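Going by my numbering, the letters in the sequence shown line up with residues 1007 to 1139, in that order.
Just so you know, even glycine gets a beta-carbon here, dropped at the ideal spot from N, CA and C.
Keep in mind that this is a model prediction, so the values were computed, not measured.
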Amino acid sequence: MNTNTRWVFLGFLAIGMLTAWVLGEGLQTLFFWLRRYNVRDVEILGSAFTLASLLGVVITAVAGFLLWKNDNINTSSHEVVEELRKVTWPDGKDTQTSTIVVIITTIIMSALLWGFDFVWAWATGLIYGGGAG
């Protein structure tokens, strides 16, 4: 298994695990709403792993397998990994500098917006006769 295949497989696995969890939770909600029709969620391995969880895992596994075997999706996934290898990631110093710039810019913009809001409230108070807001 080459390096790209490993990363694509790990990506599929991570997305599959998240999808199985979301689908399981959604199916548990569906079972909850269908309980008035005597459709119940069955505990398989206790309350942590129910029929809804099993259905979520099975549906996700089948969908993941079909997507993995799809040549277009598999090729696109390998191309994404290849493009990400070409990205120049910032080092720690660049990340720290950029974070400081973002924080300072956010503080300045917040102060400006507060100033505009204060002036607008004051002007609105003058127009409507309520004084300063």
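Residue i - containing alpha helix (DSSP H), residue span
| i | result |
| --- | --- |
| I1021 | T1009 to L1040 |
Integer Cβ distance of residue i from residue j, believed to fall under 8 Å
| i | j | result |
| --- | --- | --- |
| D1047 | A1058 | 5 Å |
Test item: CB-CB of residue i and residue j under 8 Å
| i | j | result |
| --- | --- | --- |
| I1065 | L1073 | no |
| N1010 | E1088 | yes |
| G1070 | F1018 | yes |
| G1030 | G1062 | yes |
| F1037 | V1028 | no |
| L1040 | I1050 | no |
| V1014 | S1104 | no |
**Entirely enclosed alpha helix (DSSP H) segments - the region 1048-1121, minimum 4 residues** = 1057-1075 and 1077-1091
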